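Residue numbers (our numbering): 221 to 365.
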Ligand SMILES: [Zn+2]
Ligand SMILES: [Zn+2]
């Protein structure tokens, strides 16, 4: 089974992920743009039993547009987020794609919040595109960020 280690920029905080991710998505929402510091964010998800966090983390919570609470774990030293969970999909941990820089990763299969997408951005390949914001507490998985 493949093991990938996502790390923060300074390297002290790690998300050790066993097996292939259950979902890889690109999200164009404003919160993901702000979190990633980029025009959109890409993240991979695993069942929580397959993710081990090592190192010192701080936690921050926000309520997403969907009404779900999202809880982020980030490095207090360098500020990189290495893992987050959302209430809407319990038992699953998301790890920012960039934490795996330099490692082989599957491409995103979902592109969500496309109503927030910059015109010059296009997610290519076999991708399910969603433009509609989720407005319920239990959106379909296609609308999960
Ligand atoms: Zn760090
Ligand atoms: Zn998002």
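For every residue, glycine included, the Cβ atom is placed at its ideal position computed from N, Cα and C.
In this text the structure is predicted, and so the values were computed from the model without any measurement.
Pick from 287, 266, 333 and 289 that is closest to residue 259, judged by C-alpha positions: Here residue 259 refers to the residue found at position 39 of the chain shown. When only C-alpha atoms are compared, the closest one is 333.
query: Does the segment 290-304 come close enough to the segment 224-232 that 3 or more CB-CB pairs lie under 8 Å?
result: In this structure the segment 224-232 touches the segment 290-304; the number of beta carbon pairs closer than 8 Å is three or more.
query: ligand 1: which residues have Cβ under 6 Å from any of its heavy atoms, chain order?
result: Residues flagged by the Cβ proximity filter: 228, 229, 230, 232, 233, 295, 297, 298 and 300.
Neighbourhood of residue 367 by C-beta distance below 8 Å, restricted to the same chain and skipping five residues each side: Only positions 221 to 365 of the chain appear in the structure, and residue 367 is not among them; the question remains open.
message: Out of 328, 337 and 290, which one is the CA nearest neighbour of residue 280?
response: Translated into the one-based positions of the chain shown, residue 280 becomes position 60. Nearest C-alpha to residue 280 among 328, 337 and 290: 290.
task: Return the first residue and the last residue of the beta strand (DSSP E) that residue 252 is part of.
output: Residue 252 sits at position 32 when you count from the first residue of the chain shown. According to the DSSP assignment, residue 252 belongs to no beta strand (DSSP E) but to the alpha helix (DSSP H) extending over 250-256.
Where residue 270 sits in the DSSP three-state scheme: For the purposes of this step, residue 270 is taken as residue 50 along the chain shown, with counting starting at 1. Here DSSP, grouped into helix, strand and coil, assigns residue 270 to helix.
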